[in-house]
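Letter by letter, the sequence shown follows residues 177 to 435 in my numbering.
Heads up, the beta-carbon is just placed ideally off N, CA and C, and yes, glycines get one too.
Worksheet: one structure, shown below.
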Amino acid sequence: MLIDIFNVQPNEFLILTNRESHQGQVLNYLIFKLISIIDETIAFKQYISAMLELYFEKLKKRNEEHYAVGVYSFFANTKLLNEIRITLPPLPSFDFTQAREVGIEYAPMHNPDNKKQYLIAERIVFKSMGGFLHLDFFRGLMKGHCPRQCHNCGKYFLLLSGHNTCYCANVAPNQKKEGDTKTCRDIGAHIKETQKKEKRTPAQQEYDKVYNRLKTRKNRGKLSVDEWNKQVAQAISYMEQNMRGELSDFEFKEIMKKF
Numbered sequence: 177m178l179i180d181i182f183n184v185q186p187n188e189f190l191i192l193t194n195r196e197s198h199q200g201q202v203l204n205y206l207i208f209k210l211i212s213i214i215d216e217t218i219a220f221k222q223y224i225s226a227m228l229e230l231y232f233e234k235l236k237k238r239n240e241e242h243y244a245v246g247v248y249s250f251f252a253n254t255k256l257l258n259e260i261r262i263t264l265p266p267l268p269s270f271d272f273t274q275a276r277e278v279g280i281e282y283a284p285m286h287n288p289d290n291k292k293q294y295l296i297a298e299r300i301v302f303k304s305m306g307g308f309l310h311l312d313f314f315r316g317l318m319k320g321h322c323p324r325q326c327h328n329c330g331k332y333f334l335l336l337s338g339h340n341t342c343y344c345a346n347v348a349p350n351q352k353k354e355g356d357t358k359t360c361r362d363i364g365a366h367i368k369e370t371q372k373k374e375k376r377t378p379a380q381q382e383y384d385k386v387y388n389r390l391k392t393r394k395n396r397g398k399l400s401v402d403e404w405n406k407q408v409a410q411a412i413s414y415m416e417q418n419m420r421g422e423l424s425d426f427e428f429k430e431i432m433k434k435f
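In structure tokens form, the structure reads like this:
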């Protein structure tokens, strides 16, 4: 687009790229806002993922009362918040706090169900993507609804109030036979029972996920035997460091995601 403007109207292009001109300031503002949308979405996911994995997975029940305990514990851990902040790009900045600035407006409008009637509508104006995500997430928690990462496929699904399943209803990726349509929830009971019998710790369960990923790559020819042995040994080393307290749970999970 900018190349087309330069070819057709080179003088206007120079004005547009001049930060001191009105057009240049508008362009830079739009670019900044676009970058901030991406930055805040990534940062929000990083914070929420840590909250869900490190605090919500420990909850015995899934409702608004227990979510409140998880949120309090998360924000009380300033060391963890600093660890997350270090992993994020410095600019533009996104600070995940309990408060987020939004604008609220109230206005009369036609009732969508009956055009002859009026009602007062609440309109929320967000100044940033972070503000929208923040309100949407915490309003969900207030109703007892929360995203949860499936313990089988790793994708997030919405867990409604009162339900405490850790497996989604999507078709499971690790089907033994081609054409099988078992969901993660269908095979989850077997996985859970196996883990109970083996009494695997959270660190060992995280290692199991990495081991299975590496095994799949090796079987598909994407990893040589030497690479497979080396990466498995590294994963074991990181697991042992976490169990000795040399790596925090957040640091350990971030490292294991890179395998």
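Neighbour-count burial assignment, residue i, 16 or more Cβ in a 10 Å radius
i      : result
ASP289 : exposed
GLY364 : buried
HIS198 : exposed
HIS310 : buried
LEU210 : exposed
TYR248 : exposed
TYR231 : buried
TYR205 : exposed
GLU216 : buried
PHE208 : exposed
MET415 : buried
For residue i, the nearest candidate out of the options (CA to CA)
i      : options                           : result
GLY306 : LYS292, ASP271 and GLY397         : ASP271
TYR294 : PHE302, GLU259, TYR282 and GLN417 : TYR282
VAL408 : GLY421, SER424, LEU390 and ASN418 : LEU390
LEU228 : GLN325, GLU241 and MET419         : GLN325
ARG261 : ARG238, GLU298, TYR223 and LEU235 : TYR223
GLU277 : GLU430, ILE300 and ASP402         : ILE300
SER225 : SER304, GLY246, ASN405 and ASN395 : GLY246
PHE435 : TRP404, ARG420 and GLY320         : TRP404
GLU240 : ASN388, VAL401, GLY320 and HIS327 : GLY320
Three-state secondary structure (DSSP) of residue i
i      : result
TYR294 : strand
GLU281 : strand
LEU336 : coil
ARG315 : helix
ASN187 : helix
THR359 : strand
ARG299 : strand
ASN346 : coil
ASN194 : coil
ASN287 : strand
LYS434 : coil
ASN253 : coil
Anticipated Cβ contact below 8 Å, residue i with residue j, distance rounded
i      : j      : result
ARG361 : THR341 : 6 Å
LYS358 : ASN346 : Actually they do not touch by this definition, with Cβ atoms about 11 Å apart.
CYS322 : CYS344 : Their Cβ separation, rounded to whole angstroms, is 13 Å, which puts CYS322 and CYS344 out of contact at 8 Å.
MET432 : GLU382 : 5 Å
PHE428 : ALA348 : Their Cβ separation, rounded to whole angstroms, is 26 Å, which puts PHE428 and ALA348 out of contact at 8 Å.
The beta strand (DSSP E) enclosing residue i, as first and last residue numbers
i      : result
ARG324 : 322-325
Bounding residues of the alpha helix (DSSP H) (the contiguous stretch that carries residue i)
i      : result
LYS237 : Taken as a continuous stretch (DSSP letters only), LYS237 belongs to no alpha helix (DSSP H), as it is neither H nor E.
THR341 : THR341 -> no alpha helix (DSSP H), and no H or E assigned at all.
LYS394 : 378-395
GLN274 : Counting along the chain, GLN274 falls outside any alpha helix (DSSP H), and DSSP gives it neither H nor E.
ARG127 : This structure does not reach residue 127, given that the chain is present from 177 up to 435, and the question cannot be answered.
LYS331 : Premise fails: LYS331 is in no alpha helix (DSSP H) and is neither H nor E.
7 Å Cβ cutoff, residue i in contact with chain D
i      : result
ALA345 : Protein chain content of the structure displayed is limited to a single chain, and chain D is not contained in it.
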